[in-house]
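Residue numbers for the sequence shown follow full-length UniProt numbering, so the first one is 1 and each next one is one higher.
C-beta: ideal position from N, C-alpha, C; glycine also.
Bear in mind the structure is a predicted one, so any value in this text is a computation, not a measurement.
Have a look at the structure below, then the notes.
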Amino acid sequence: MSTEENTSTSVSYTRLVADDDVEDFDDAAKVDETNSTNGVGASYSEAVEASGFGKFHALLLIVCGWANMSDAVEILSVSFLLPDASVDMNISSVEKGLLTSIIFVGMLVGGYLWGSLADVRGRRQILIYSLSCNAFFGAASSVCQNFWLFLFMRFLSGVGVGGSIPVIFSYFGEFQPNNHRGKMISALSTFWMAGNILTAGLAWAIIPREHLGYHNPDGFSYESWRIFVAVCCIPAASSVLTFLLMPESPKFLLEQGNEEKSLDIMKKIYSWNHKGVKASDYPIDYLVPSSKDKQHTADGRKMTLRVQFGALFMATKQLFKRPLTGITIAMLVIIFNLSFGYYGLFMWFPELFKRVENGGSACSYFNESAVTNSTVPSDRIYVDGFFTSLSNLPGNLLTIFLMDKLSRKFLITSSMIVSGISVFFIWFLKTRIQVLIMSCVFGAISVITWNTLNVVGVELYPTSCRSTALGVQSVFNRMGAILGNLMFGILIDLNCSVPMILIAVLLAVGGFTALTLPNTSKKELK
Numbered sequence: 001m002s003t004e005e006n007t008s009t010s011v012s013y014t015r016l017v018a019d020d021d022v023e024d025f026d027d028a029a030k031v032d033e034t035n036s037t038n039g040v041g042a043s044y045s046e047a048v049e050a051s052g053f054g055k056f057h058a059l060l061l062i063v064c065g066w067a068n069m070s071d072a073v074e075i076l077s078v079s080f081l082l083p084d085a086s087v088d089m090n091i092s093s094v095e096k097g098l099l100t101s102i103i104f105v106g107m108l109v110g111g112y113l114w115g116s117l118a119d120v121r122g123r124r125q126i127l128i129y130s131l132s133c134n135a136f137f138g139a140a141s142s143v144c145q146n147f148w149l150f151l152f153m154r155f156l157s158g159v160g161v162g163g164s165i166p167v168i169f170s171y172f173g174e175f176q177p178n179n180h181r182g183k184m185i186s187a188l189s190t191f192w193m194a195g196n197i198l199t200a201g202l203a204w205a206i207i208p209r210e211h212l213g214y215h216n217p218d219g220f221s222y223e224s225w226r227i228f229v230a231v232c233c234i235p236a237a238s239s240v241l242t243f244l245l246m247p248e249s250p251k252f253l254l255e256q257g258n259e260e261k262s263l264d265i266m267k268k269i270y271s272w273n274h275k276g277v278k279a280s281d282y283p284i285d286y287l288v289p290s291s292k293d294k295q296h297t298a299d300g301r302k303m304t305l306r307v308q309f310g311a312l313f314m315a316t317k318q319l320f321k322r323p324l325t326g327i328t329i330a331m332l333v334i335i336f337n338l339s340f341g342y343y344g345l346f347m348w349f350p351e352l353f354k355r356v357e358n359g360g361s362a363c364s365y366f367n368e369s370a371v372t373n374s375t376v377p378s379d380r381i382y383v384d385g386f387f388t389s390l391s392n393l394p395g396n397l398l399t400i401f402l403m404d405k406l407s408r409k410f411l412i413t414s415s416m417i418v419s420g421i422s423v424f425f426i427w428f429l430k431t432r433i434q435v436l437i438m439s440c441v442f443g444a445i446s447v448i449t450w451n452t453l454n455v456v457g458v459e460l461y462p463t464s465c466r467s468t469a470l471g472v473q474s475v476f477n478r479m480g481a482i483l484g485n486l487m488f489g490i491l492i493d494l495n496c497s498v499p500m501i502l503i504a505v506l507l508a509v510g511g512f513t514a515l516t517l518p519n520t521s522k523k524e525l526k
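Encoded structure:
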């Protein structure tokens, strides 16, 4: 868009303060009236549109996408290190279950804690803290020789992961113009798939190469799987450096009453997106806060730590008040059911591969000694994991293409129901190739739901409680993952039909629940 076009359309961004706002917020109204005599004013949404869409948003996608990848790497790495770590650290079956679940426990804690603080302290600051937590404790776990210390470090790493996931989407979404937001958040979600592929590729390249590590049965050891753990921390550590160079969310700054700094960021985005245009050419002279922005500013300026935690509680309480009550309950049901089914099944695909390799079906009884004496190539699990991760690509591309063409709730409903139906086919699997194909199909379909929920979660809530909402949703996400894994592990050898039917039903229920959500396509952020 040229400078002339921006100038000619600047009038469309003008917005005067409504009479009712003047009555409710006298002091803020006086400032707005003064500004209105000196230039063009606009709401936040109009200011975002005026900033254009271009190079800055591409950079933002890369920065936030890389951080999203780092979270995926940290989560998935456990499934690849477990076979070798269980031997080197002499881990029992119960301890294996603890190691698989502990990162979700950490994410459960971190999701609420960091997500809520982001609505009080700022998106960028909390992202830096949570990603640092992820990187530091993840790297520290690689040198732990004692299992319980290793487990504790993985828990703390999970606290960091649980914080960055919900905040990344709040931060990213608040920079997006209305007509690009759905597609851009879908694009951000695809980086999770890229993180899965990166993890599988790193595991394939590092863990089977035992000569890379050092093993001392009587002292300090640093095996190849430990090198893999350390390498997996690099994305999170590098993300911290990139966010140090990024601005705070202008939407958050506006709600904190810092209109001037918010406007300065908008001007810089404008100059980035328009080649040869100066920030001073930005067609907006001042921002007009909405009534909600003003109320939040009046209540939230220069809060003490005690008041900040009070605000955190109030933001959580707001989620369960009208008009957000039904939305919040529906979102929590959908996310819990999806996480229960997805992680309850997806994390067990390697187990199913082992079962069918020994001549049985996916639901046949598992004999540990049969696997120990098998001749399955040591790197096959990494090859299968790589292709399973790669299978998410079609679902991600389809989501990007359809996100702004179909309603969000239709995508959630259809993908969850189809995912539930696909679970029943597992009963008929007899070979490793069949299990691999089914894992790819399930992954490709379910990723559509995940990506759409990432968009809807940002759009359904106002800025004052958006990160808190995503944090609470993250808690239910982790609860579903923990319970799904525990349930599957307990029942798979007792009665395989029970977890399969339960997962299928929960996915279908979640899909139908999505029909109660409002349509948010291309609507202005609250």
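Around the beta carbon of Arg123, 16 or more other beta carbons sit within 10 angstroms, so the residue counts as buried. If you ignore the 5 residues before and after Ser77, its C-beta comes within less than 6 Å of the C-beta of Thr199, Cys232, all in its own chain and listed in chain order. If you check the CB distance, Leu131 and Gly160 come in under 8 Å. When Gly106, Lys183, Ser157, Leu324 are compared, the shortest CA-CA separation from Arg466 is found for Leu324.
For Ile75, the closest C-alpha among the options Phe346, Val418, Glu459 is that of Phe346.
Looking at the DSSP output, Leu287 bridges to Ala42. Taking 4 residues as the minimum length, the alpha helix (DSSP H) runs contained wholly in the stretch 48-94 are 55-88, in order along the chain. If the five residues before and after Phe476 are omitted, its C-beta is found closer than 8 Å to the C-beta atoms of Leu332, Ile335, Phe336, Ser339, all from its own chain and listed in chain order. In this structure, the straight-line span from the alpha carbon of Ile102 to that of Ser414 is close to 32 Å.
The Cβ atoms of Ile417 and Ala330 do not sit closer than 8 Å to each other. Burial state of Asn396 is buried, judged by a 10 Å Cβ sphere holding 16 or more other Cβ atoms.
With a cutoff of 8 Å on beta-carbon distance, Val455 and Arg408 are scored as near each other.
In this structure, the CA atom of Val277 is about 10 Å from the CA atom of Lys268. If you draw a straight line from the Cα of Phe386 to the Cα of Val73, it is about 13 Å long. Around the CB of Leu188, 16 or more other CB atoms lie within 10 Å, so the residue is classed as buried. In this structure, Asn273 and Phe80 do not form a Cβ contact; the two beta carbons are roughly 40 Å apart against a cut-off of 8 Å. By the Cβ criterion, the stretch 219-234 is in contact with the stretch 80-90, since at least three pairs of Cβ atoms, one from each stretch, lie closer than 8 Å. By the CB criterion at 8 Å, Met193 and Asn392 fall inside the cutoff. Apart from the 5 residues on each side of it in sequence, Ser419 sits with its Cβ closer than 6 Å to the Cβ of Ile445, Ser446, Leu507 in its chain, given in chain order.
The Cβ atoms of Thr516 and Gly326 lie closer than 8 Å to each other. By the C-beta criterion, the stretch 200-208 is judged not to be in contact with the stretch 165-183, since fewer than 3 inter-stretch pairs fall below 8 Å. Approximately 15 Å separates the beta-carbon atoms of Leu108 and Leu151; this is outside 8 Å, ruling out the contact.
Under DSSP, Tyr222 shares a beta bridge with Tyr214.
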